[in-house]
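Numbering-wise (my numbering), the sequence shown opens with residue 911 and increments by one.
Every residue, glycine too, gets a C-beta built ideally from N, C-alpha and C.
To start, the structure itself, in structure tokens.
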Amino acid sequence: MPHDAQIGLTSRRVQSFIDDGFVKIENAFSADLARQCRDELWADIGLSPSQPEGWTRPVIRVSSKSSPPFIQAANTLLLQRAFDQLVGTERWIAPKGLGTFPIRFPSAQAPGDDGWHVDVSFGLDNPDFMEWRANVRSSGRALLMLFLLSDVGPDDAPTRIRRGSHAMIARELLPYGEAGATLRQLSANGYASTADCAVEIATGTAGTVYLCHPFLVHAAQPHCGQHPRFMAQPPLLPRSEFDPSLPPSPVQIAIRQACGLTF
């Protein structure tokens, strides 16, 4: 089978993104770039991979990084081709780095941030983050992305994903129109509509990227392994709102199929 770097995502994989809400891209960036990113993050948090006695917290967050390794990891040719295929050519803004970074450590202590949720995308100037919003047009976000900067196995706190949940969230957002729903409104019922979705876990080697529909319901989980997990979870930003004069992207098609919309 030809490699993704030569042909981009196959039509089957694009359809899988529409149906399931995500696609896993292995070797999206190099292991060496992942190592450089980890080295910078270790320095930022003042800890060492060789001194586990310092790993006393279950999770430490770093907001964003825009040094060369992070910019390069986010803008490989393979990823750019996938952005074009899922969002539309010239409909996304090239990332200027990566963030945020929930760095998870082996711990018996509960992380306190492992509930199911969607990532809202506008109204972020409100000091109450529960008032941040999302709408059915996914204003402010083209994709949710998970960049694995370390090897992540089943015990290494891989992100949990509810497969197909983006369709339920699209239908829930529809009645709120352009103004959208707040995170408080979306989470009021505990995402009960998605409770029966099959759960996938975002495992892979360093350099793997999961490109996810903006409405995908996902969650962290405790770290039960031995080695810290480094990951970035940035948005891919859109250049503009959905344009009805252009062919619909797979992101739009998934929303259309869920809601019966025409934009």
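- request: Sort 1082, 1072, 1120, 1091 by Cα distance to residue 1041 and report the nearest one.
  value: Residue mapping note: residue 1041 aligns to position 131 of the sequence shown, counting from 1. The shortest C-alpha to C-alpha distance from residue 1041 to any of 1082, 1072, 1120, 1091 is the one to 1091.
- prompt: How close, in whole Å, do the beta carbons of residue 1039 and residue 1050 come, if the pair is a contact with beta carbons under 8 angstroms?
  reply: The residue you call residue 1039 lines up with position 129 of the sequence shown. The residue you call residue 1050 lines up with position 140 of the sequence shown. In fact, because the Cβ distance is near 14 angstroms, the residues do not count as touching under 8 angstroms.
- prompt: Buried or exposed: residue 1082, going by 16 or more other Cβ atoms within 10 Å of its Cβ?
  reply: The residue labelled residue 1082 in the question sits at position 172 within the sequence shown. Around the C-beta of residue 1082, 16 or more other C-beta atoms lie within 10 Å, and the residue is accordingly described as buried.
- request: Mind checking which residues open and close the alpha helix (DSSP H) that includes residue 921?
  value: Residue 921 sits at position 11 when you count from the first residue of the sequence shown. In the DSSP assignment, residue 921 falls within the unbroken alpha helix (DSSP H) covering 921-930.
- request: From the DSSP output, read off the bridge partner residues of residue 1013.
  value: To locate residue 1013, count along the sequence shown from 1; it is residue 103. In the DSSP output, where bridge partners are listed per residue, residue 1013 has 970.
- request: Go ahead and pull the three-state DSSP assignment for residue 1166.
  value: Reading the sequence shown from its first residue, position 256 is the one you call residue 1166. Residue 1166: helix per DSSP, three-state reduction.
message: According to DSSP, residue 1119 sits in a beta bridge with which residue or residues?
response: In the sequence shown, counting from the first residue as 1, residue 1119 sits at position 209. Residue 1119 is bridged to 935, 1057.
task: Within 10 angstroms of the Cβ of residue 1164, are there 16 or more other Cβ atoms? Answer buried if so, exposed if not.
output: If you number the sequence shown from 1, residue 1164 lands on position 254. Buried, since its Cβ has 16 or more Cβ neighbours within 10 Å.
query: Is the number of C-beta pairs between the region 943-956 and the region 920-934 that are closer than 8 angstroms three or more?
result: Contact between the region 943-956 and the region 920-934 is absent, because fewer than three Cβ pairs lie under 8 angstroms.
Residue from 935, 1006, 951 with nearest C-alpha to residue 989: Along the sequence shown, one-based indexing puts residue 989 at 79. Nearest option by C-alpha distance: 935.
message: Quick check on this structure: which residue in 1145, 1008, 1102, 1166 has the alpha carbon closest to the alpha carbon of residue 979?
response: In the sequence shown, counting from the first residue as 1, residue 979 sits at position 69. Nearest C-alpha to residue 979: 1008.
field: Contact the region 1073-1080 vs the region 1101-1116: 3+ CB pairs below 8 angstroms
entry: Yes, since at least three Cβ pairs between the region 1073-1080 and the region 1101-1116 fall closer than 8 angstroms, the two stretches touch.
message: Please identify the residue among 1028, 1020, 977, 1048 whose C-alpha is closest to the C-alpha of residue 1147.
response: The residue you call residue 1147 lines up with position 237 of the sequence shown. If we check each option's Cα against that of residue 1147, 1048 comes out closest.
- prompt: How is the beta strand (DSSP E) around residue 1109 delimited, first residue to last?
  reply: Indexing the sequence shown from 1 puts residue 1109 at position 199. Residue range 1109-1111 is occupied by the beta strand (DSSP E) that includes residue 1109.
Assigned exposure category for residue 1122 - 16 Cβ within 10 Å defines buried: Here residue 1122 corresponds to residue number 212 of the sequence shown, with the count starting at 1. So residue 1122 counts as buried.
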